[in-house]
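Count the sequence shown with my numbering and you get residues 27 to 1183, in order.
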Amino acid sequence: MEDTNASTVFYDTFCEKEDVLQIIDEMKMLTEDYDSIIKAECLYDKLRFVLDKYQQQPHLLDPHIAIFVQKLLSNFYVKDKEQNESMTIFRLSMKCLYHLCKVRGFKTFIRYFPHEVTDIEPVLSLLAKQSTEDTENWESSYMLLLWLSILVKLPFHLKRFDTCDGDNVPIMQRILQLIKQYLVVYGKSSEAAAFLCARFLTRPEITKECLQPFIDWCLPILESVVSGKSKFTSTVTGILLALAYIFKVGRRDDIIKFGPTILEKISTLNLEKQKHECFVKLVVKLSQRIGLSFLKLKIAPWRYSRGKRCLIDNLSLTSQDCNSTKENGVKYNEEDEDDDEGFDDSHLSEVETVIEMLLLSLKDKSTLVRWSAAKGIGRVCERLSREMGRQVVHSVFELCTPRESDCTMHGVCLTLAELSRRGLILPEDLGEAVNIVKKALIYDELKGSFSVGANVRDAACYVCWAFARAYDKDVMKPYVNDIATSLLVVAVFDREVNCRRAASAAFQENVGRQGNFPNGIEILTTVDHFAVGCRKQAFLELSVFVGSFSTYTKPLIIHLVDHKVHHWDWDIRDLTSKALHKLSMIASPDIVRNEVLSKLVENSCCSAVFSKLKHGSILGAANVIHALYLRKEAIPENVLEEIKSISLNFKEKNLLRSPESGELMKHAMSVLIEKVSLSKLNFANDNELIELWIDFLKEIIDYVDPSIREYALCALTPFCDHYLRDDQMLKDRFIAHLLSRVTSADEQAKCGALDALCRIPDSMLTADSPPVILEAVLHFLRSLNFSQQKQTNAKATAINCLSHTIIRLNPIVIFGLGDVINDVLSFFLLTAMEDYTRGSRGDIGLMVRIAAIEAVKNLSLHFAKHEIKRFFTGAFVTNVFTRLLPHCVSPQDKMRAVACGAFFELLHSSLPHIPHQKEIQEAFTFCSVGDTDWRKESLSYSLFCKLLPLRMLTNCLWTGIVMSVGGMTASIVKHSREALSSTLMNLKSVDNDFDYVCGTFFTVFKENVSSKRMCEPLIITLDYLISTGFLDDFDNSVITNVLQLCWSQYEQQQSIDVKKCNVKKIIAIANLYCNSLRFQGCYKRCLTYLVHMLFKSFPKVRVSVADSLYTALITYGDVVEMEDIEAVTQILVDNDWNKEIEELNPLREKLNTLLSL
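Below, the structure written as structure tokens:
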């Protein structure tokens, strides 16, 4: 998947200092009650939100961390004063300190803790009060341990701070006890304890007394893991991390004696079988630091040194210095290359054990382990002798064998990068390293349903980046072309975006550092980080730009042929073929013919077992042939023979119907036919091949997958236009076949045939063909029962076929087919635009309605353009607009966008007799064709509701508006109601218009209340109009008649099966009756209906009616003539209407009496 560029905000300074200080000050007011706990959480969330914005620029916090730490600590800790005992304040302050520490990093953050002698005892006391079992407030112990890690660095002997009281434990023992206590805790506290342990035990006076006992305490635990007596636990994690820290910061003379013992323990672990990534990583980290302790702290003099790479140092050099640097600075020190005086070989066997462990860890499945091992090898090699260092480098080279996994290749690449950064790969070994990197840059292997190798290619780009920074241009000169070509191949042709970007960055680094990459400046300004983000652009545009430089043209093409044509991803093979087409347009014709086309054709004839190779090769060969044709280059005769043999092979082995590769072969054959036809190869007299291709196209056009059919349809036009132009018999047979498939039982076969009828070129049609096609397709549409048969794909395709066929006809022919075209237009307007077929996926008739609207629009514009006045009658144009308007206020965004766009285009066309054209154009003055987003509910509803007063449009507008006002989508209901209310409010000042609009609504209501689709939206819309008071002054007799119609709908629901009953419709009717209590003339009838509904079978209905009736009686109590209204409301509130009907029936008479019914 292609990623998108996330927007990142960068800051110049930390801007929220005052906000943070205010949050800290508010903490002091907290207490231990519940409200304070809630407020504490809010304050912490505010602080976290502020600090998280600076995670990518934590250094901006540095000037302010000191005051933040001081004020946070002052909330609970003030020297020489009584401390604040509030645990809420203490824990919140610790959480805030931890978040500051997390953003800035603990190694930098601890410097800002107070570190005076008087702080030791209070911190130890606070830490002693914490519980290792408290998993919710671990931040407190974590921060206190970090604080203690800076305090133990005080330059005084810790015994001086012990009290004289004999009962007190010495501070040294207390700290060591706390370390052991927290090292075995799961979580961050063990990491802080390990860091504290290293700082504490490496103090000179502590090392003598406590380091040996601590090691003795650790060894039995490690022994139990090695022997298998105990499994990996958090205890081992803390101990391993503590030992790693000790061997990192301890003096070599103090820790070297413990190295062999610990190494002996961990070297017997079978790391390959360990499942815990953290455990293996710590073992690798500890082993490399033990190995470093065996070697003297002296950088190997034999390593390659490029010289000064700091810009300031280079600018400060004199000319004489520069010359000296050029002559000597880029070489390793030859005088000292055999000088091993600084190498300590007293622990040579242990060092070899460490190196062996690190090399083995390069094969680990975990990236973290491989990365740690790679850095370890680099660090150890820096202290080895020249001979031994080169042996390690060659051992890394030897890991790159075909038998090794992708994990090993990734580990090797990381190691090569680390070694080159440190100058440990000497110039004489650089060639072998470059060869490994070239293989890694194209490493991609399929494993099951996925591939591996993206991380290898990414790491290989990192190696190239490291080469640029480590070696001088004279050293790199022999490998420049190889590296540049390999990087550009990855940058434009890799499947993964991160690899393309890594290659682009490495290429840019090499151009800047080396300065001798061919055409480097021109390329890197175009093939940059953002340009390679889009895979299609990289394949089809950037590759052509890079290929325009002669140095890279052939390597790019050869890479596609050798590595991408048989790629496991279908999309990559498709893009490869298109890239080959474009590169073949600029490459040497001889190279294209002899090295590219010949190999692709050869691969195309391979066995069907290698389906991916066969598929990609046919696609590539077809595109290359077309490129040669466009360049007016001759196609070799043997290629023509191979094309025929490929087609015959498809027929002989029935490859199009292969269960494993049928779709691939259909795609390949379709593209081959298309490109051969476009290239106009000389096969016109080969009837056998032409009929074979016709059979192939027929079969693919009938295929069930629309995307596969599309490839054959793209090939159909050029094929028919070139190879069937002069053969009338084949043309007639082919069209007859397509028309016969229109009546097929298979819906997808119908769609394929109808699409093909749209795509056949004009050269295929005779004077008699259009009427036959129109009548056959129209007959097919009429034969379908639109209310029952759900073949919506076939319907929509047939409508597109009809409109396309009419538009492609000569205007004179159209005039002669007037009756047929009238039938087609009538079908579009009266049937297709009213197809509301529903299926398991909802409103599947939507595609039919959209197709019909597009067809009517295109035909109308076509008739207007060619002035075919036969269809410009006022009745036809009015029918078009009145049928279109309901869809312009549809609740479906897609439908509304298409309908509004069509309405607007027709409004501004040359069509005559447009109803109310002037008034509509005045309402749409600020809209423009193509620039208006009709999906916006606030725009479309507000505009079209203004057309309600236009007499010829009112009825049709109401049929659409009620579907939105009474709909289910909240945003649609909101905007449609707002627009309708605004329009009706403006019309109230114009009595005739208001009465006409409302009267038309009641007409629409009476005509459509029996419609299953419109009944419920109509009732909800009427309920909305009544509840908002728009109908308060309307004739009550009309409203009474409408309420009677609603009661008929209710009775209809009662008469059908309970499982099919529409409960939502019943509840909508009940709500309507409740709001109708506001009318003096019909409230008695409404109460009768509501009481009847209170005692019906659905509990959900009874509960809803009771609630709505209670609200209505309270709201309209001044209208309802009833003395005991409080008694009625009490009954409605006190009773459980979910009870059985038998238990509720006694209430019926009581309510009837109270309501005088």
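Note that CB positions come from ideal geometry on N, CA and C, so glycine has one too.
HIS942 has its alpha-carbon roughly 30 Å from the corresponding atom of ILE1052. By the Cβ neighbour-count rule, GLY1107 is exposed, with fewer than 16 other Cβ atoms within 10 Å of its own. For SER703, the enclosing alpha helix (DSSP H) starts and ends at 688-705.
With a contact defined as Cβ atoms closer than 8 Å, ARG834 and ASP794 miss out at about 15 Å. Rounded to whole angstroms, the separation of the alpha carbons of ARG137 and ARG117 is 21 Å. Cβ contact annotation for ALA824 (same chain, cutoff 7 Å, sequence separation greater than five): LEU780, VAL803, PHE806, LEU807, in chain order. According to the DSSP assignment, SER477 belongs to no alpha helix (DSSP H) but to the beta strand (DSSP E) extending over 476-478. Take LEU645, set aside five residues on each side of it, and the residues of its chain with a beta-carbon closer than 7 Å to its own are ARG599, ASP600, SER603, ALA694, VAL697, in chain order. Annotation: LEU472 is outside any alpha helix (DSSP H); the continuous beta strand (DSSP E) that includes it extends over 471-473.
For ILE49, the uninterrupted alpha helix (DSSP H) run begins and ends at 43-53, by DSSP. One thing to note: PHE898 has its Cβ no nearer than 7 Å to the Cβ of ALA878. With a minimum length of 4 residues, the unbroken runs of alpha helix (DSSP H) contained wholly in the segment 765-848 fall at 773-785, 795-809, 818-833, 837-842. Apart from the 5 residues on each side of it in sequence, LEU269 sits with its Cβ closer than 6 Å to the Cβ of LEU312 in its chain, given in chain order. Counting the other CB atoms within 10 Å of its CB gives MET859 a total of 16 or more, which places it among the buried residues.
VAL1131 sits away from LEU1113, with the two beta carbons spaced by 7 Å or more.
Under the rule that a run must span 4 or more residues, the alpha helix (DSSP H) segments found entirely inside the segment 578-632 read 596-610, 624-630. Here the segment 605-612 does not lie against the segment 547-557, with fewer than 3 beta-carbon pairs under 8 Å apart. Unbroken alpha helix (DSSP H) stretches of 4 residues or longer found wholly inside the segment 166-239: 197-209, 214-227, given in chain order.
Rounded to the nearest whole angstrom, the CA to CA distance from THR161 to VAL310 is 29 Å. Exclusion of the five residues before and after LEU910 leaves ILE879, ALA925, ALA928, PHE929 as the residues of its chain whose Cβ lies within less than 7 Å of its Cβ. Taking 7 Å as the cut-off, the beta carbon of LEU1177 is found closer than this to the beta carbon of VAL1117. In the DSSP annotation of this structure, the continuous segment of the alpha helix (DSSP H) that includes TYR70 starts and ends at 60-78. If you check the CB distance, LEU467 and SER512 come in under 7 Å. For ILE661, there is no enclosing alpha helix (DSSP H), since its DSSP letter is neither H nor E. LEU1071 sits close to VAL1035, with the two beta carbons spaced by under 7 Å.
With respect to ILE838, VAL915 sits apart: the two C-beta atoms are not nearer than 7 Å. Secondary structure note for GLY992: it is in no alpha helix (DSSP H), with a DSSP letter that is neither H nor E. By a beta-carbon distance limit of 8 Å, VAL489 contacts ALA443. Their separation comes to about 5 Å. Inter-residue distance for PHE1028 and LYS972 is about 19 Å (C-alpha atoms, whole angstroms). Here ASP508 carries a helix assignment [DSSP, helix/strand/coil]. For the set LEU674, PRO975, ILE799, GLY317, the Cα lying nearest the Cα of THR831 is the one of ILE799.
Contact between ARG412 and TRP328 holds, since their C-beta atoms are separated by about 4 Å, short of 8 Å. In terms of Cβ geometry, LEU718 and SER673 form a close pair [threshold 7 Å].
Setting aside the 5 residues that flank it on each side, PHE575 is surrounded in the same chain by PRO544, ASN545, GLU548, ILE549, each with a C-beta closer than 8 Å to its C-beta; the list follows chain order.
Taken through DSSP and simplified to helix, strand or coil, ARG735 comes out as helix. Assignment of beta-bridge partners to ASP869 by DSSP yields ARG864.
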